[in-house]
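Counting along the sequence shown from 1, when you hit position 89 you're at 89 in the working numbering, and nothing is skipped either side.
Even glycine gets a Cβ: it sits at the ideal position worked out from N, Cα and C.
See below for the structure under consideration.
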Amino acid sequence: MIRFLSLILAGLSMPALLFSQSVTSPDGNLKLTFSLGQGGVPHYSLSFHEKPVLLASRLGLTTLSKPGLESGFNLLSAENSEKDETWTPVWGEVSSIRNHYRELAVTLTQPGAKNRNLTIRFRLFNDGLGFRYEFPRQPELSYFNVVSELTEFNLTGDHLAWWMPGDYDSNEYLYTTSRLSEINAFEVFASKEKGEKTQAGEYVVQTPLMLKTDGGLYLNIHEAALVDYPAMNLNVDRKNRSLSAHLVPGPGGVQAHLQTPAKTPWRTVILAEKATGILDSKLVLNLNEPSVIGDVSWIKPMKYIGIWWEMHVGKSSWNYSDTGNLKLAETDWSKLTPNGRHGATTERTKFYIDFAAEHHIPAVLVEGWNVGWEDWWGNWKEEVFDFVTPYPDFDVAGLQAYAASKEVKLIMHHETSASVTNYERRFDRAAGFMKQYGYDAVKTGYVGRIIPRGEHHDGQWMVNHYVRVARGFADRKILLDAHEPVRPTGLHRTYPNWLACEAARGNEFNGWSYGNTPEHETILPFTRLVGGPMDYTPGIFQVKMDYYQPGKKEAVKTTLVKQLALYVTLYSPFQMAADLPENYNRFPDAFKFIEQVATDWDDTRYLDAEPGDFILAARKEKGTGTWFAGAITDENARTLTLDLSFLTPGEQYQAELYLDGKEASWDKNPMVYEIKKQVVTSEMKLTLPLAAGGGAALVLRPAN
């Protein structure tokens with residue numbers, strides 16, 4: 001149902017101050033107020049239960065040509081509406097999503113700039129706010145260049161924040177927990193971080209930014225539907241407790257090149273009185289457009305294994321030879337001397353296919369199958385890969401037939417080495433090669449400095465590239481998992497073949513760096529995953545790296561059981577069983593959980609949580625009555641209570657509990673566990689003891 005109430009004030013001259021208009025959320029708890037103040041500068045504010053959440057905050061944009069779109073406005077019109085609908089996602093955490101909001105669309109005009117028009121559209125949900133700038137087609141505004149966005153989020157106090165440094169090229173940081181007044185991104189970068197990173201500033205942080213007020217209100221600031229525009233970081237004014245937009249720049253200092261009609265992404269603010277409310281929110285998804293793919297019957301969530309982790313732990317290599325300084329078009333790869341460590345061989349791939357078939361894993365990813373890995377990284381090289389030529393020891397046609405005989409699919413890997421112009425030139429042929437050899441899913445990668453030179457991973461040009469790739473694969477009925485892309489903003493609703501992204505610090509860092517902290521996975525659902533599912537690659541059983549190289553200090557800072565629980569607490573429809581098959585064969589009873597756990601859900605319940613501390617969640621498998629539950633903790637041992645009231649009343653369930661062993665801890669004894677079975681009902685509560693850095697994982701299957 002849509003209701004309209006229009007207030008048309010065209011032609012009226014506004015006083016020096018003030019015009020204001022408010023809209024409330026459907027439940028009446030949130031109130032958004034728009035005002036046009038001194039000098040025709042637009043502002044907005046937000047309150048919750050009549051208490052301020054965002055103080056008067058500026059809106060507007062500066063442009064290369066003057067005047068910009070930041071002041072000198074009069075009100076042209078203000079329109080209110082309401083929408084209440086329920087829609088069905090192709091896949092997801094729940095089987096249906098309610099989209100209920102009230103909207104205020106304010107159209108402003110600039111008399112001093114030949115009456116150019118700008119619309120600011122606000123949508124107020126029960127759990128938060130989304131707003132964006134819209135630029136109608138008009139004679140006086142056709143092409144323009146955004147130099148900066150002035151959007152502010154003026155907070156009410158020195159909130160507790162879970163943040164990572166603002167960066168134009170990487171999301172692969174650990175999170176810091178501090179007050180806003182204590183944020184210093186340069187200190188974090190200088191002390192620990194390295195790699196292909198381009199820091200945005202000393203007091204700049206990335207979104208999604210998670211906040212908690214002293215009054216116990218949880219806030220999350222991000223963006224939705226990022227298309228044809230750079231990603232937004234946030235400047236932090238530590239003294240005034242204010243945040244403002246910091247867009248990723250493009251070459252020449254211009255942040256966005258736009259042509260009307262145009263619109264920015266939505267700026268989002270999610271609010272919750274309990275931490276679980278942030279995890280439950282579907283606000284970001286609701287602000288994205290519906291699927292543009294007609295037939296979605298081919299889009300299926302899946303689990304997979306792959307030739308991948310063995311490279312990270314040093315057991316094998318992506319490259320076939322150790323010869324360097326090779327040119328793609330001039331090299332006879334069959335004449336190179338093999339290094340003897342190449343992982344993506346025909347024989348090794350068949351081993352993974354056999355394991356997948358035996359354990360009902362639908363697919364196998366193979367990295368390092370194609371020529372070019374000898375000098376692929378660090379050289380800012382244009383012609384790196386052609387995406388169609390296999391190494392001499394990888395039989396593409398033979399493996400296609402072998403996998404088909406075992407009813408297993410192969411997943412393609414396209415590492416671009418950030419040479420994106422090269423990938424775009426070769427995209428059609430690469431995608432055709434995939435279809436020819438039966439690859440229906442692809443993992444892309446963008447490690448390195450972007451080509452075209454001067455562009456950034458999270459800038460406007462690359463944002464448009466990621467969407468082009470998603471569309472291109474959708475046209476060919478190919479599923480996409482993007483690594484090293486811009487952080488997601490809910491576009492998987494519009495392109496449901498875009499199953500997952502990395503866009504954060506994943507499990508791979510535990511193989512060769514100082515790794516991820518025990519709290520890392522308890523923060524990700526409140527930050528990175530607010531925008532969409534992550535290919536975190538859980539399931540590492542051999543958590544200490546000295547198993548591969550004696551004396552090696554690196555380790556996965558979790559217990560084995562926590563790795564199981566991550567399949568429930570870190571949502572993804574594209575879940576990897578990331579460890580080596582040999583390690584899974586050492587723990588067959590624990591691997592049974594990975595075999596069973598679903599990747600698509602009818603219902604999800606976030607039962608208890610606190611960012612940086614713990615998460616307890618339960619999910620109901622799509623089309624069945626089986627529930628899976630997962631609990632994880634940070635470096636502190638704790639006991640959680642699992643209330644089973646979400647189960648169907650009157651039914652009995654056979655519960656399998658995967659628990660940390662009595663002496664378990666992430667640092668001293670991470671691989672001990674126990675498995676219990678018992679009959680449970682909805683009236684029961686289970687006590688879950690979690691070791692330091694540990695977890696618990698449960699299967700709850702109807703007894704009948």
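Among G253, T681, G340 and E635, nearest to D667 - alpha-carbon criterion: E635
Span separating the alpha-carbon of Q199 from that of S71: 30 Å
F4 versus H100 - alpha carbon distance: Residue confidence for F4 is low, a pLDDT of 36 falling below 50, so the modelled location carries little weight; the figure read from the coordinates is stated next. If I take the Cα positions, the gap works out to 15 Å.
Three-state secondary structure assigned by DSSP to D579: coil
Nearest-angstrom Cα separation, counted from Q206 out to G250: 17 Å
Limits of the unbroken beta strand (DSSP E) element including L657: Y653 to D660
With 16 other Cβ atoms within 10 Å as the buried cut-off, status of P573: buried
Nearest-angstrom Cα separation, counted from T569 out to L709: In this structure the chain extends from 1 to 704, so residue 709 is not present and cannot be described.
Span separating the alpha-carbon of G459 from that of T260: 19 Å
Supposed contact pair R493 and R528 - C-beta distance, whole angstroms, cut 8 Å: Not confirmed; about 17 Å, so no contact.
Short Cβ contact (8 Å threshold) for T489 with A272: no
Continuous alpha helix (DSSP H) assignments of at least 4 residues falling wholly in the region 419-493: 420-436 and 460-475
Sub-8 Å separation of N497 and I540 beta-carbons: no
Secondary structure of W512, DSSP reduced to three states: helix
Closest residue to T323 among C501, L129 and N339 (Cα-Cα distance): N339
Residue burial classification, Y673 (beta-carbon count within 10 angstroms, cutoff 16): buried
Cβ separation of A691 and D660, assumed to be a contact under 8 Å, to the nearest whole Å: 4 Å
Alpha carbon of I305 to alpha carbon of N288, nearest angstrom: 31 Å
Segments of 3+ residues assigned as beta strand (DSSP E) that fall wholly inside the region 69-141: 74-87, 97-110, 116-125 and 128-135
Close Cβ partners of D127 (< 7 Å) along its chain, the five nearest in sequence each way excluded: I270, L271, A272, G277, S281 and L283
Reduced DSSP category for H360 - H, G, I as helix; E, B as strand; rest coil: coil
Exposed unless 16 or more other CB atoms sit within 10 angstroms - verdict on H222: buried
Distance, F153 Cα to T213 Cα: 14 Å
Cβ pair G28, P67 closer than 8 Å: no
Cβ shell of Y203 (< 8 Å), same chain only, five flanking positions each side left out: I183, N184, A185, N235, V236, D237 and R238
Three-state class that DSSP yields for K381 in the structure shown: coil
Cut-off 7 Å between Cβ atoms - residues of its own chain near R137, not counting five sequence neighbours on either side: T260 and P261
Alpha helix (DSSP H) segment containing H312, residue limits: W309 to H312
Neighbourhood of R429 by C-beta, 7 Å cutoff - its chain only, sequence neighbours within 5 removed: V388
is_contact[D237, chain B] using C-beta, thresh 8 Å: No chain B appears in the structure shown, which is made up of a single protein chain.
Distance CB(L399)-CB(T346) smaller than 8 Å: yes
Cβ-based neighbour list, A565, same chain, cut-off 7 Å, excluding 5 preceding and 5 following: G630, A631, I632, G695, A696 and A697
When G532, T331 and S291 are compared against E93, the one with the closest alpha-carbon: G532
Continuous beta strand (DSSP E) stretch holding L566: start and end: It is not in any beta strand (DSSP E) - L566 instead sits in the alpha helix (DSSP H) that spans L560 to T569.
For Y304, the three-state DSSP class (helix, strand or coil): strand
7 Å Cβ shell around W266 - same chain, five flanking residues per side excluded: G130, F131, R132, E223, A224, A225 and L287
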